[in-house]
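Going down the list, the protein sequences come from chains A and B.
Residue numbering for the first sequence follows my numbering, starting at 1439 and increasing by one per position.
Residue numbering for the second sequence follows my numbering, starting at 38 and increasing by one per position.
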Amino acid sequence: MKIAILSGKGGTGKTTVTSNFAINIENSIAIDSDVEEPNLHLFLGGQKTDTESVFTSYPTIDKDLCTNCGKCGDFCNYNAIIPAKNQVIVFKESCHDCGGCKLVCPTGAITYEKREIGKIIKDKTSFGGDLFYGILDIGEMSGVKIINNLTEISNSYSSNKTVFIDSPPGTSCSTVAAVEEVDYAIIVSEPTPFGVSDMKMVVDMLQEMKIPFGIIINKAGLGDNEIYEYCKDKKVEILGEIPFDKEIAKLYADGKIFSSSLPKYQKLFKDIYKKIVDRRRAL
Amino acid sequence: MKINEIVVISGKGGTGKTTLTASIIPYLEDLVVGDCDVDAPDLDILLDPKIQTTEKFIGLKKAIIHKEKCTNCGLCHTHCKFSAISEDIVLTTSKCEGCGVCEFVCPSEAITMEDAVVGDLYHSTTTFGDFIHAKLIPGEETSGKLVAEVRKRAKKLALEKDKKNIIVDGSPGIACNVISSITGASKVILVTEPTFSGIHDLKRIYELCQKFNLKTQVVINKYDLSPTHSELIEEFCRENSIPIGLKIPFTKKIVQSVVKKKIPSLEEKEFFKEIGFFDFINTLT
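#1: Hey, quick one: how far does the alpha helix (DSSP H) through K1672 (chain A) stretch, first residue to last?
#2: With DSSP as the reference, label I1727 (chain A) as helix, strand or coil.
#3: Which value, in whole angstroms, describes the spacing of the CA atoms of K198 (chain B) and F1682 (chain A)?
#4: Have a look at A:D1671, A:T1630, A:I1624 and A:M1647 and flag the residue whose alpha-carbon is nearest the alpha-carbon of G1678 (chain A).
#5: Return the Cβ separation of F1696 (chain A) and N1458 (chain A) in integer angstroms, given the expectation that the two are a contact with Cβ distance under 8 Å.
#6: Check distances from the C-beta atoms of the stretch 1574–1607 of chain A to those of chain B and list, in chain order, the residues that come in under 9 Å.
#7: Please classify P264 (chain B) as buried or exposed, where buried requires at least 16 neighbouring CB atoms within 10 angstroms.
#8: Does any C-beta atom of chain A lie closer than 9 Å to the C-beta of V215 (chain B)?
#9: I need the straight-line Cα distance from V75 (chain B) to G207 (chain B), nearest angstrom please.
#10: Should N1515 (chain A) be flagged as near chain B, meaning a C-beta pair shorter than 9 Å?
#11: What does the alpha-carbon distance come out to for the pair E134 (chain B) and V184 (chain B)?
#12: Using a beta-carbon distance cut-off of less than 7 Å, what residues from the stretch 1635–1656 of chain A approach chain B?
#13: Whose Cβ in chain A lies nearer than 8 Å to the Cβ of L227 (chain B)?
#14: Please name the residue in A:M1439, A:K1440, A:N1462 and A:T1453 whose C-alpha comes closest to that of S1698 (chain A).
#15: Out of A:L1660, A:N1465 and A:D1470, point me to the one whose CA is closest to T1456 (chain A)'s CA.
#16: Hey, G51 (chain B) and G1448 (chain A) are a contact pair by Cβ (cut 8 Å); roughly how many whole angstroms apart?
#17: Closer than 9 Å, CB to CB, is N1477 (chain A) near chain B or not?
#18: In chain B, what lies closer than 9 Å to D1692 (chain A) by C-beta?
#19: Suppose you measure from the CA of L1574 (chain A) to the CA of D1561 (chain A); what does that come to, to the nearest Å?
#20: Suppose you measure from the CA of E1427 (chain A) to the CA of G1508 (chain A); what does that come to, to the nearest Å?
#21: What does K290 (chain B) touch in chain A if you count any residue whose Cβ is under 7 Å from its own?
#22: Taking the alpha-carbon positions, what's the V1620 (chain A) to I1603 (chain A) distance?
#23: Just to make sure I have the definition right: I need the residues of chain A whose C-beta is within less than 7 Å of the C-beta of R241 (chain B). Which are they?
#24: Which chain B residues sit within Cβ distance under 8 Å of D1662 (chain A)?
#25: Using a C-beta to C-beta distance shorter than 9 Å, which residues of chain B count as neighbours of T1450 (chain A)?
Now the structure itself:
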């Protein structure tokens, strides 16, 4: 089973929730799909066991074959290939690797070369299960390719393990890529106007994608009641609550998983997991 | 006239970008405000904007499959690098990046590329000046383009109305949305928090700013929650000669203002004065 943890708003506690599940649920693995700012390894990481580069491609032009006809530039919707007066200029970072320029080139002057955009790292965690996390190189425009590779990894485990996927904030293409094909999604929100507003966008996205979901309210007690009213009104299930607690905040600051230091919270994550299994079974 | 464009970003989400941006706004004169966090926009909650115009923003063209002309040859499926067209020729619109390869390879003209709306773009007025903001349709591509459009409009307004300052609330992360938010900015404020994750992400976002030769300064939010990590942040800033513009202690007062949908620096002016907020404001203009 694959469970995505997401939030809309950043900093509501996705990584906290993911790491607590990973250590409390047996036979699980963890994936960090927030490849722009991955943090899960700071909490779960242990021994790095494998590193794999992720590549994208970009066109190169054989000047002897190029007739400067301009068709590649006309076709490219990303302004990544621009025929200038005497030569064709390529902007590697803008290329989406769609393969179109090669298709339209009448003289076969275009081939593709690979360049690295980031890595996927496999860690043996101190809690037994494996952790895979992606990391996008700084200056790159999109981590979607790395996220798609992580999805393949999680698919290869999901038949006999529970896969917890720490997803990127927001609701843009990266988030969609991270939650694609998951069996269940957990939205981690906080009881503030920002938390609720951003959560609504995630709810819309998940409903559109037809993914079943529930909510964990983090920092409960810090804000107001709007989130409870919203959930009641929209019939969204609140799976559990994590109280606002300076002790938890301090453990987080130090890179520690709070239910490991405060065992009274272990049951919370086990109970939520049980609920999710039941909800999946009922579908 | 050179416009002073200040962009607030953080790398890590939830460090307090929007709260800080909103708190700065009342104290900058001659201002246009932009919210570039288009897939989780929250600045409007505190600014109480009066929307003047709403436009549909067209980010790119997307494929439309005309089933009546389709012969199920499968060429579009095999050529699409984004797995947007399934084996049985069904398009997943959110995966389409609008390249046009499918339209090109289709032998029966069953695919056309058509304008796709990716979000709404608003021009609003607030007590503090004009406000350009946007809302991405969940799951859409090209949020970077929408971000660039918000900035472009804010700049255009500032020029038209002879405004000296622009402030922009950015999004978390380091990829296209953030790159589109910061390129060419006059000043970048990096909001961080004293946690293990906060420092990790600050280093990455700082490196990104360095790539674009941007003038940066750091604000440490809730700095007293972990003195150890605050010291590590300060050490990193010293080593890299990054000025620390402001250190904000944790107080429930700020959350309470936000919950009341009020701008914290107006609600809790005394607290902000005590922490040197107004000296920080002076460094921005």
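Positions of the beta carbon are idealized from the N, C-alpha and C atoms, including for glycine.
With the structure as the only source:
#1: For the purposes of this step, residue 1672 (chain A) is taken as the residue at position 234 of the first sequence. It spans E1664 to K1672 - the alpha helix (DSSP H) in which K1672 (chain A) sits, taken as one unbroken run.
#2: Residue numbering for chain A in the displayed model covers 1439 to 1721; residue 1727 (chain A) lies beyond these limits and cannot be assessed.
#3: For the purposes of this step, residue 198 (chain B) is taken as residue 161 along the second sequence, with counting starting at 1. For the purposes of this step, residue 1682 (chain A) is taken as residue 244 along the first sequence, with counting starting at 1. The alpha-carbon atoms of K198 (chain B) and F1682 (chain A) are separated by roughly 45 Å.
#4: As a working note, residue 1678 (chain A) is residue 240 in the first sequence. Measuring from the Cα of G1678 (chain A), the nearest candidate turns out to be A:I1624.
#5: Numbered from 1 along the first sequence, position 258 holds the residue referred to as residue 1696 (chain A). Numbered from 1 along the first sequence, position 20 holds the residue referred to as residue 1458 (chain A). So it is a contact: roughly 7 Å between Cβ atoms.
#6: L1574, I1576, G1577, E1578, M1579, S1580, G1581, V1582, N1586, P1606 and P1607
#7: Start at 1 with the first residue of the second sequence, and residue 264 (chain B) comes out as number 227. By the neighbour-count rule (16 or more Cβ atoms within 10 Å), P264 (chain B) is not buried but exposed.
#8: Walking along the second sequence from the start, residue 215 (chain B) turns up at place 178. By this cut-off, V215 (chain B) is an interface position.
#9: As a working mapping, residue 75 (chain B) is identified with position 38 in the second sequence. As a working mapping, residue 207 (chain B) is identified with position 170 in the second sequence. Cα to Cα, the separation comes out at about 9 Å.
#10: One-based indexing of the first sequence puts residue 1515 (chain A) at position 77. Answer yes: the Cβ-Cβ gap between N1515 (chain A) and chain B drops below 9 Å somewhere.
#11: By 1-based counting over the second sequence, the position of residue 134 (chain B) is 97. By 1-based counting over the second sequence, the position of residue 184 (chain B) is 147. One C-alpha to the other measures close to 17 Å.
#12: S1635, D1636, M1639, D1642, M1643 and E1646
#13: Counting from 1 along the second sequence, the entry for residue 227 (chain B) is found at position 190. The contacting residues do not exist; L227 (chain B) stays about 13 Å from chain A at best.
#14: Locating residue 1698 (chain A) in the first sequence gives position 260, counting from the first residue. Checking every option, the nearest Cα to that of S1698 (chain A) belongs to A:N1462.
#15: For the purposes of this step, residue 1456 (chain A) is taken as the residue at position 18 of the first sequence. Nearest of A:L1660, A:N1465 and A:D1470 to T1456 (chain A), Cα basis: A:D1470.
#16: Residue 51 (chain B) sits at position 14 when you count from the first residue of the second sequence. Residue 1448 (chain A) sits at position 10 when you count from the first residue of the first sequence. Indeed they touch by this definition, with Cβ atoms about 4 Å apart.
#17: Residue mapping note: residue 1477 (chain A) aligns to position 39 of the first sequence, counting from 1. For N1477 (chain A), the answer is yes, since a Cβ of chain B falls inside 9 Å of its Cβ.
#18: Within the first sequence, residue 1692 (chain A) is the residue found at index 254, counting from 1. Under the 9 Å cutoff, chain B gives T232, F233, S263, T265 and H266.
#19: Position 136 of the first sequence, counting from 1, holds the residue named residue 1574 (chain A). Position 123 of the first sequence, counting from 1, holds the residue named residue 1561 (chain A). Taking the straight line joining both Cα atoms gives about 17 Å.
#20: Chain A is shown only over 1439 to 1721; residue 1427 (chain A) falls outside these bounds and no answer can be derived.
#21: In the second sequence, counting from the first residue as 1, residue 290 (chain B) sits at position 253. Going along chain A, no residue has its Cβ under 7 Å from K290 (chain B), so there is no contact; the nearest lies around 12 Å.
#22: Within the first sequence, numbered from 1, the residue matching residue 1620 (chain A) stands at position 182. Within the first sequence, numbered from 1, the residue matching residue 1603 (chain A) stands at position 165. About 9 Å.
#23: The residue you call residue 241 (chain B) lines up with position 204 of the second sequence. Within chain A, the residues near R241 (chain B) are E1475 and I1576.
#24: Working through the first sequence from its first residue, we reach residue 1662 (chain A) at position 224. Under the 8 Å cutoff, chain B gives V296.
#25: For the purposes of this step, residue 1450 (chain A) is identified with residue 12 of the first sequence, where counting begins at 1. Ordered by position in chain B, the residues that pass the 9 Å Cβ test against T1450 (chain A) are G50 and G51.
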